[in-house]
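Notes for the one structure printed next.
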Amino acid sequence: MTVTEPTSQEAGQLKSGRIVAIAGPVVDVEFPTGELPDINFALEMTINVGGEDITVVAETAQQLGNSRVRAICMKPTDGLVRGTEVRNLGHPLQMPVGDGVLG
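Residue numbers for the sequence shown follow this note's numbering, beginning at -10 and rising by one.
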């Protein structure tokens, strides 16, 4: 299986959204019309906690309609607020693997 990264041109065309609701690790994000990320695509947002910028990655779990998606965050959501910018990464979550995992 080969994983491909979007080209810079494709990545440049991806639109950002904004958080409209937060409930624990679940966030609802509104994107411009016609720009919804696919299910399982990664979303990224940055929050400032104690003067330190923290990147939170989420996975799109559901398309809700009305240009909104529901996503599950992979880190605590403390510090996230409605209106925070959310970037569509244009690909599913990715994890680096080493020799220990590959065998």
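Yeah, the Cβ is synthetic: ideal placement off N, Cα and C, and Gly gets one too.
The C-beta distance from valine 18 to arginine 76 rounds to 10 Å, too long to meet the 8 Å contact threshold.
Three or more Cβ pairs drawn from the segment 64 to 83 and the segment 17 to 31 lie within less than 8 Å of each other, which places the two stretches in contact. The shortest CA-to-CA distance from leucine 32 to any of Gly54, Pro81, Val90, Leu91 is the one to Pro81. When secondary structure is reduced to three states using DSSP, valine 70 falls in the coil class, being assigned neither helix nor strand. Within the model, the alpha-carbon separation for glutamine 51 versus alanine 60 is close to 7 Å.
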